[in-house]
Structure formats: structure tokens, C-alpha cells
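Trainee: Just passing along the structure, written as C-alpha cells.
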Amino acid sequence: MSIRGLFITMEGGEGVGKSTNLTFLENFLHDKGVDVVCTREPGGTRIGEDIRNLLLQIRQEKVSAMAELLLIFAARAQHIREFIEPALATGQVVLCDRFTDATYAYQCGGRGVAWDTVKQLEELVQDKLRPDVTLLLDAPTAVGMSRARGRGELDRFEQEDLDFFERVRISYLKQANDDSGRYRIIDASVSLDSVQQQLLAVGNEVFSYWRERSVES
Ligand code: Z5A
Numbered sequence: 002m003s004i005r006g007l008f009i010t011m012e013g014g015e016g017v018g019k020s021t022n023l024t025f026l027e028n029f030l031h032d033k034g035v036d037v038v039c040t041r042e043p044g045g046t047r048i049g050e051d052i053r054n055l056l057l058q059i060r061q062e063k064v065s066a067m068a069e070l071l072l073i074f075a076a077r078a079q080h081i082r083e084f085i086e087p088a089l090a091t092g093q094v095v096l097c098d099r100f101t102d103a104t105y106a107y108q109c110g111g112r113g114v115a116w117d118t119v120k121q122l123e124e125l126v127q128d129k130l131r132p133d134v135t136l137l138l139d140a141p142t143a144v145g146m147s148r149a150r151g152r153g154e155l156d157r158f159e160q161e162d163l164d165f166f167e168r169v170r171i172s173y174l175k176q177a178n179d180d181s182g183r184y185r186i187i188d189a190s191v192s193l194d195s196v197q198q199q200l201l202a203v204g205n206e207v208f209s210y211w212r213e214r215s216v217e218s
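Residues 2 to 218 in this note's numbering are what the sequence shown lists, from first letter to last.
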């Protein structure tokens, strides 16, 4: 019988260090001999990356919250079929920079879309697929915003104000609290070294789990 891989997602507000730390975790697991692949949302496929560009582009017209939501799930549908499910089916560990918890945080928390609307799309598009483990990099909103703004030009999401990102952070913390078995909260306000010390604990946990599964198969 083939063993399904592990689906691990990294979440958090803008600029908290997701991309930096996903690469760190990928290298750590790879060095331990784990078969690991990295991807991101929106994106992860050619269609998904095209949709990402559309979503991040600054536009003259206002993008409706429903159009934004459906574009995100269109990219996700392709990502699941083309990349995530095939990787999991061959036993790989999939590390994904954002997934549907970001939709609850940004579209529900940030934009005010009804929770049930996202839930319905989640069930339609993902069927039973849910992350096995989710790492929430958490830092005060102003810290993440100032890190992200240090990089120069802002995209359509990054132009939102402090209140928007406060609502996003509150939503993430609520989701983590409501699903504490799946979530690991990482304090991302501290130095990069200290963040990565916390990540090592999760990396070792993933490694042990992966090794047990490999032995069983
Ligand atoms: N979005 C959505 O609305 N709904 C959805 O369902 C999904 C996404 C999936 C693009 O995502 C946008 O899509 C996102 C939400 C929306 N918009 N926002 N905001 P994204 O993940 O690509 O965008 P992002 O959150 O803005 O990610 P980012 O800007 O790439 O940030 P990051 O990956 O969290 O951080 P980083 O690039 O690793 O680090 C930022 C800088 O801080 C960098 O210079 C690092 O060297 C530095 N850094 C990192 N950690 C530290 C520490 N600990 N100390 C000091 N400096 C640090």
C-alpha cells in the first residue's frame, strides 16, 4: 500500500518571514533525507502564477471581494490537481506558503466575506484535502508591515492599511486557537535565529513522523 505524504502549510500576515523560513525548513528536511517539495499560493502552477499576477496587480477599478475569492479558488483548484495531490500520492512532504487558512484570514477577516461562503468553496474544491500541520508565524502587525515595506514597491494587498492587517492577524490567531491540534504558533517577532530555533522543533517532529511512515511502508 502506498503511504500518503504530509501536507504542511506556512501562514501569517505580510512580511512575517514565511518565504525565508519555508526555505529554511525545506533545507533542514532535505538534509535529513526527507523527500520534500516547496510551493506557494496563490501560484504553484503556470495557471496559478498567472492568476497570482492578476490578483497582486494594482488596478484602477475596484476588484470585488467575490471576484478575488473565486480567482483564489480557481488557482487553488489547479494547484491541487496538478501539483499537491500528485506529490502527496507519491509520499512527498509538501511545504506550501499559504493555503485556505489565508482565505479565511484575508477574505473573511480582512474583506468581510462570509465564513460559510469560503467553507462551501473549500469543500467543493478540496474535497477532503486539509493541511496535516500548519505553522503560523505570528508577529505584531506593524513589525511585519515594516519588514515588507523595506522591500520597495507595494502590491495590491500590501497597499491595505493597518486595520486590515490587524483583522487578518486576529483571524489567524482565532483559527489557531480553534484548531490547536493542527497549528503550531511560532513567535516571528524575534530575531531570525530565534525564529529558526523554534522551527527546528517542528522540523524534527515532521522528520520523526515521516520516518515512522517510511518504516511502516
Ligand atoms: N492571499 C489572499 O488574500 N488569500 C489567499 O487565500 C492567499 C493569499 C493564499 C500574496 O501572498 C498575497 O496573497 C498576500 C495575501 C494574499 N498578500 N499580502 N499581504 P504572499 O504570501 O506572496 O505575500 P506576503 O505575505 O506579502 O509575503 P511576503 O511579502 O513574501 O512576506 P513573507 O514571505 O512572510 O516574508 P519574507 O519575504 O520571508 O521576509 C520579509 C523580509 O523580512 C525579508 O527581508 C526578510 O529577510 C526579513 N525577515 C524575515 N524574518 C525576519 C526576522 N525574524 N527578523 C528580521 N527580519 C526578518
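C-beta: ideal position from N, C-alpha, C; glycine also.
Identify every residue that forms a DSSP beta bridge with Met11.
Mentor: The residue given as residue 11 occupies position 10 in the sequence shown. Per the DSSP secondary-structure output, Met11 pairs in a beta bridge with Asp98 and Leu136.
Trainee: Can you list every residue whose CB sits closer than 5 angstroms to some heavy atom of ligand 1, going in chain order?
Mentor: Glu15, Gly16, Val17, Gly18, Lys19, Ser20, Thr21, Glu42, Ile73, Arg99, Ala103, Thr104, Tyr107, Arg148, Ala149, Phe158, Leu193 and Val196
Trainee: Sort out for me which residues DSSP pairs Asp188 with in a bridge.
Mentor: The count along the sequence shown starts at 1 and reaches residue 188 at position 187. The partner list for Asp188 (beta bridge, DSSP) reads Asp139.
Trainee: Counting only runs that start and end within the region 2-62, where is the beta strand (DSSP E) found for 3 or more residues in a row?
Mentor: 7-12 and 37-41
Trainee: What three-state label does DSSP hand Lys120 in the structure shown?
Mentor: As a first step, residue 120 is located in the sequence shown; it is residue number 119 there, counting from the start. Correct three-state label for Lys120: helix.
Trainee: Here's a check: name, in chain order, each residue in its chain whose Cβ is nearer than 8 angstroms to the Cβ of Ile85, leaving out the five neighbours to either side.
Mentor: Here residue 85 refers to the residue found at position 84 of the sequence shown. Phe8, Thr40, Gly45, Val95, Cys97 and Leu130.
Trainee: Whole angstroms are fine: how far does the CA of Ser147 sit from the CA of Leu163?
Mentor: Position 162 of the sequence shown, counted from the first residue, corresponds to residue 163. Position 146 of the sequence shown, counted from the first residue, corresponds to residue 147. Leu163 and Ser147: Cα-Cα distance of roughly 11 angstroms.
Trainee: Can you tell me where the alpha helix (DSSP H) holding Phe165 begins and where it ends?
Mentor: By one-based count along the sequence shown, residue 165 stands at place 164. Here the alpha helix (DSSP H) through Phe165 covers Leu163 to Asp179.
Trainee: At a cut-off of 8 angstroms, is Phe165 close to ligand 2 when judged by its beta-carbon and the heavy atoms of the ligand?
Mentor: You won't find ligand 2 in this model; what it holds is ligand 1.
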